[in-house]
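A short write-up of the structure that comes next.
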Ligand SMILES: [Mg+2]
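Dropping the structure here:
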């Protein structure tokens, strides 16, 4: 996961977006917008209809959500794999 986080950071550097968009609060807000865009893909459709009509768009929105999530993790100096494993352990113990 850290390799993927580094790829995202490299992309942000290429675009000169690294400093201006690396604040956790702004990243969380952007993630929420992307989650809403994902939900919009399903609006007024069954899951089956949405997947048939918008499969690629759904996957792109999922990727947007994941990219912002990984940017938050990276900005906090963490590895996404470890963060997910820690949370899975918490969920498993419930
Ligand atoms: Mg999007």
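In this note's numbering, the protein residues as written are 4 to 97. Glycine included, every Cβ here is placed at the ideal spot set by N, Cα and C.
Item, Value
"Is the Cβ-Cβ distance between residue 71 and residue 41 less than 8 Å?", "no"
"Between residue 27 and residue 75, which are expected to be in contact by the criterion C-beta below 8 Å, what is the C-beta distance as a whole number of angstroms?", "6 Å"
"Buried or exposed for residue 64, please, with buried defined as at least 16 other CB atoms from any protein chain shown within 10 angstroms of its CB.", "buried"
"Expressed to the nearest angstrom, what Euclidean distance is found between the alpha-carbon atoms of residue 25 and residue 38?", "18 Å"
"Give me the pocket residues for ligand 1, defined as CB within less than 7 Å of any heavy atom, sorted by chain position.", "37, 40, 63, 64, 67"
"CA-CA distance, residue 18 and residue 11?", "11 Å"
"Nearest-angstrom Cα distance between residue 2 and residue 7?", "For residue 2 there is no data in the structure shown, the boundaries of the chain being 4 and 97."
"Please name the residue, chosen from 87, 43, 91, 68, that lies closest to residue 32 on a Cα-to-Cα basis.", "68"
"Run through DSSP, which three-state label would residue 29 get?", "helix"
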